[in-house]
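*Asks:* First the structure, then my questions, so here it is.
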Amino acid sequence: MKYDIIIIGGGIVGLSSALKLKEKRPNLKIAIIEKEEKVSRHQTGNNSGVIHSGVYYKSGSLKAINNQTGYKLLLEFCDKENIPYNLCGKIIVATDKSQLERLDNLYKRGIENGLTKIKKITSEEIKEYEPYAQGNQALWVPYTGIIDYKVVCEKFAEIFTKRVGGEIFLNEKVIDIKKQADSCEVITQNRSFEAKLVINTAGLYADSIAAINNKALNVKILPFRGEYYIIKPERTYLVRGLIYPVPDPTFPVLGVHFTKKLDGSVEAGPNAVMAFKKEGYKRTDFAWEEFSDYIFWRGFVHIMRKHWKMGIGEYYRSFNKTAFTRALQKLVPDLRKDDLIAGGAGVRALAADRNGGILDDFLFIQEKNILNVLNAPSPAATASLAVGNSVAEMALKKLD
Ligand SMILES: Cc1cc2nc3c(=O)[nH]c(=O)nc-3n(C[C@H](O)[C@H](O)[C@H](O)COP(=O)(O)OP(=O)(O)OC[C@H]3O[C@@H](n4cnc5c(N)ncnc54)[C@H](O)[C@@H]3O)c2cc1C
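So this is what it looks like as structure tokens:
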């Protein structure tokens, strides 16, 4: 089981990195090791399915740069491989006068990021785009689209294994990495692999994998569950495309919103509640070993001190459907509580440092023979082919 490169994690970042590596060096022997029975089972497979335009990201940040390139690469890829998507556009609605300045800043940021077709629309014009939405002003973002990232990943996996000679090992959980002089031994519960270079794209567990060989690691990944409702089919006419609130820049999430899906259904959410387990998709999911690892950590205590109010608000809305509905009614006042049916959930990997700083941008940490993608937050799915390209470039430099 000797490889040039082993990639840990078959999410969209691991898969896109694998493809880009093969594109650059077809002869490399590369394998992906994934603990689940299928690829894209976690963040990638449970996300909102939005193709982000890049309107939110600070100009010059890795998020802005990767989203700009990744957006184009994703659409090209989907066109070539016949993967369905729909650039239905979205409106970001200021529901309160106090949000107008932030909306204005978003507009400027969007223009800085090259989105020349975005435009501000008045309260009356909102109705032309979304007849049931209401607000003081909004931003129309025609670039935003919807897609199913599970389908994208299945295609990535198919190309990697069937067209370019890569291998994917499923049901193989990495439990240890032993560094040798010029290689690494990657150990799963079933077998061991040898690789000149290991790329860690383990998403929610990227910190645990990195910490195996980096005891001084200053970053932990905190799991935040995003819960969704679905609008019952006879009321989906309330939403045509995507309706978002103006985000609070101090929080790393966008706020509950409406997302049209490719099958015509409409999702409402997600919120962001702290999970008691890394892959804690249900409120009752709990794993003491994982939970205690972060609640007793200094960074977590700092985060709670800074954001406890927001945390309580999110929990309240998680348990109280009336409060969740009220947040959504700010955008679409005609929505009623009984229009909402409980939907699925996704868990976000929120990376934080020891001082309670939430790491907002992509983070790569390199060690000898190991490249860790420690933070790949949203829009990593949209930007996956650009992120994969950067990972491949870094990896090849290390390998050489
Ligand atoms: C609720 C939610 C909504 C989002 N909405 C959007 C959106 O609309 N648009 C967008 O662009 N982005 C969105 N994102 C962000 C995006 O989905 C993620 O940034 C992206 O999917 C991260 O991909 P990844 O490959 O790093 O992680 P993952 O998809 O989590 O993949 C990591 C993989 O590693 C595997 N793994 C972990 N540990 C091990 C181990 N020990 N051994 C073997 N395998 C292991 C896991 O099983 C998993 O398959 C959203 C995220 C969430 C959670």
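Numbering-wise, the sequence shown is residues 571 to 970 according to the working numbering. The C-beta atom is built at its ideal place from N, Cα and C for all residues, glycine as well.
Exposed or buried, what is GLY958 when buried is set at 16 or more other beta-carbons lying within 10 Å of its beta-carbon?
*Replies:* Under the 10 Å beta carbon count, GLY958 is surrounded by 16 or more other beta carbons and is classified as buried.
*Asks:* In this structure, what does DSSP give as the bridge partners for CYS754?
*Replies:* CYS754 is bridged to LYS749, ALA765.
*Asks:* My guess is that ILE813 and GLU700 are in contact by the Cβ rule of under 8 Å, so how many angstroms apart are they, rounded?
*Replies:* 6 Å
*Asks:* Runs of 3 residues minimum, wholly inside the stretch 590-622: which ones carry the beta strand (DSSP E) assignment?
*Replies:* 600-603
*Asks:* For a cutoff of 8 Å on Cβ pairs, would you count HIS872 as touching chain D?
*Replies:* This model lacks chain D altogether; it includes just one protein chain.
*Asks:* For ASP904, does the three-state DSSP call read helix, strand or coil?
*Replies:* coil
*Asks:* In terms of alpha-carbon separation, which member of PHE821, VAL809, ARG733, LYS633 lies closest to GLN704?
*Replies:* VAL809
*Asks:* So THR895 is in the alpha helix (DSSP H); what residue range does that whole segment cover?
*Replies:* 891-899
*Asks:* Given 7 Å as the limit, tell me if GLY581 has its C-beta closer than that to any heavy atom belonging to ligand 1.
*Replies:* Yes; taking the cut-off as 7 Å, the Cβ of GLY581 has a heavy atom of ligand 1 nearer than that.
*Asks:* According to DSSP, GLY916 sits in a beta bridge with which residue or residues?
*Replies:* GLY796
*Asks:* For TYR588, is the beta carbon positioned less than 7 Å from some heavy atom of ligand 1?
*Replies:* Sequence check: residue 588 is Ala here, not Tyr. Answer for ALA588: no, Cβ out of range of ligand 1.
*Asks:* Over what stretch of residues does the beta strand (DSSP E) that includes VAL943 continue unbroken?
*Replies:* 940-945
*Asks:* Report buried or exposed for PHE866, applying the criterion of at least 16 other Cβ atoms within 10 angstroms of its Cβ.
*Replies:* exposed
*Asks:* What do you reckon, are the CB atoms on THR692 and LEU901 nearer than 8 Å?
*Replies:* no
*Asks:* CYS754 to GLY584, Cα distance in whole Å?
*Replies:* 18 Å
*Asks:* Mapping DSSP to helix, strand and coil, what is ASP855?
*Replies:* coil
*Asks:* Determine the direct distance from the alpha carbon of ARG761 to that of LYS907, and round the result to whole angstroms.
*Replies:* 51 Å
*Asks:* Quick one: Cα of LYS687 to Cα of VAL711, how far?
*Replies:* 7 Å
*Asks:* Please list the segments of the alpha helix (DSSP H) lying wholly inside the stretch 680-760, counting only runs of 4 or more residues, in order along the chain.
*Replies:* Within the stretch 680-760, the complete alpha helix (DSSP H) segments at least 4 residues long are 693-699, 719-728, listed from N- to C-terminus.
*Asks:* Who are the Cβ neighbours of TYR775 in its own chain at under 7 Å, not counting the five residues just before and after it?
*Replies:* LYS848
*Asks:* Can you determine whether any heavy atom of ligand 1 sits closer than 7 Å to the C-beta of GLY825, and answer yes or no?
*Replies:* no
*Asks:* Of the residues TYR641, GLY580, GLN936, LEU643, which one's Cα is nearest the Cα of VAL744?
*Replies:* GLY580
*Asks:* Would you mind reading off the limits of the beta strand (DSSP E) that contains VAL663?
*Replies:* 660-664
*Asks:* For a test of your reading of the model: does the CB of PRO967 fall under 7 Å from any non-hydrogen atom of ligand 1? Yes or no.
*Replies:* The question names Pro, yet the displayed sequence has Lys at residue 967. The answer is no for LYS967.
*Asks:* Can you list, in chain order, the residues of its chain with a C-beta nearer than 8 Å to that of CYS648? Leave out the 5 residues immediately preceding and following it.
*Replies:* PRO654, TYR655, ILE717, VAL722
*Asks:* Ordered along the chain, which non-local residues of its own chain (more than five positions away) have a Cβ less than 6 Å from that of TYR885?
*Replies:* Cβ neighbours of TYR885 beyond the five flanking positions: VAL843.
*Asks:* For GLY869 versus GLY913, is the C-beta distance shorter than 8 Å?
*Replies:* no
*Asks:* For ALA919 versus ILE791, is the C-beta spacing smaller than 8 Å?
*Replies:* yes
*Asks:* Looking only at C-alpha atoms, which of ALA772, LYS766, PHE894, ILE747 sits nearest to ASN783?
*Replies:* ILE747
*Asks:* Tell me ASN652's beta-bridge partners as DSSP assigns them.
*Replies:* Answer by DSSP bridge pairing: none, since ASN652 is not bridged.
*Asks:* Any contact between the stretch 595-612 and the stretch 726-739? By contact I mean 3 or more CB pairs, one from each, below 8 Å.
*Replies:* yes
*Asks:* Run the CB neighbour count on GLU742, radius 10 Å, all protein chains shown included, and call it buried at 16 or more, exposed below.
*Replies:* buried
*Asks:* Kindly confirm or deny that the stretch 873-888 and the stretch 926-945 touch, where touching means at least three C-beta pairs closer than 8 Å.
*Replies:* yes
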